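Read the structure below first, then the notes.
Numbering (the working numbering), first residue to last: 1025 to 1126.
Here it is, written out as C-alpha cells:
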C-alpha cells in the first residue's frame, strides 16, 4: 500500500513520487492530481509558547453525517477509477468520466 511522508508518495514497489503539495485529489471526471486549496476539515496547529495548540478547522460547520457523506463520495470516485483502470488500463481515455456542462 502506498504511503505519504513529507510531500513524497512511496508506492509499494518502492517507486517514489515527489509532490509539490501534501494531498492527493480526485475530480468527478476521475482525474487525479494534487490539492492546493484550504481545508474543508483539517488540523490547525498554533504556536503557544514552547508548545503547539491543536484544534479542528471546520469552516463550513460540517456535521458528522456531512463528513461521512463526503468520505463516501470520495471513496466511490476512487473505487470507480480503480475499477476502470483494472478493466481498461492506464492508456485508455475511457477510464475517465464525461461530465455534462450546463
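All C-beta atoms in this analysis are idealised placements derived from N, C-alpha and C, irrespective of residue type, glycine included. Quantities reported herein were computed from a predicted structural model and do not represent experimental measurements.
Could you compute how far the alpha carbon of residue i sits from the alpha carbon of residue j?
i: residue 1119; j: residue 1075; result: 47 Å
i: residue 1048; j: residue 1041; result: 12 Å
i: residue 1044; j: residue 1109; result: 25 Å
i: residue 1034; j: residue 1102; result: 18 Å
i: residue 1056; j: residue 1105; result: 9 Å
Taking Cβ positions, are residue i and residue j nearer each other than 8 Å?
i: residue 1064; j: residue 1098; result: no
i: residue 1121; j: residue 1067; result: no
i: residue 1114; j: residue 1052; result: no
In the structure shown, what three-state DSSP assignment does residue i receive?
i: residue 1035; result: coil
i: residue 1029; result: strand
i: residue 1115; result: coil
i: residue 1122; result: coil
Report task. Just list the alpha helix (DSSP H) runs in the stretch 1040 to 1091, keeping only unbroken ones of 4 residues or longer that don't cross its boundaries, in chain order. Result -> The stretch 1040 to 1091 contains no whole alpha helix (DSSP H) run of 4 or more residues.
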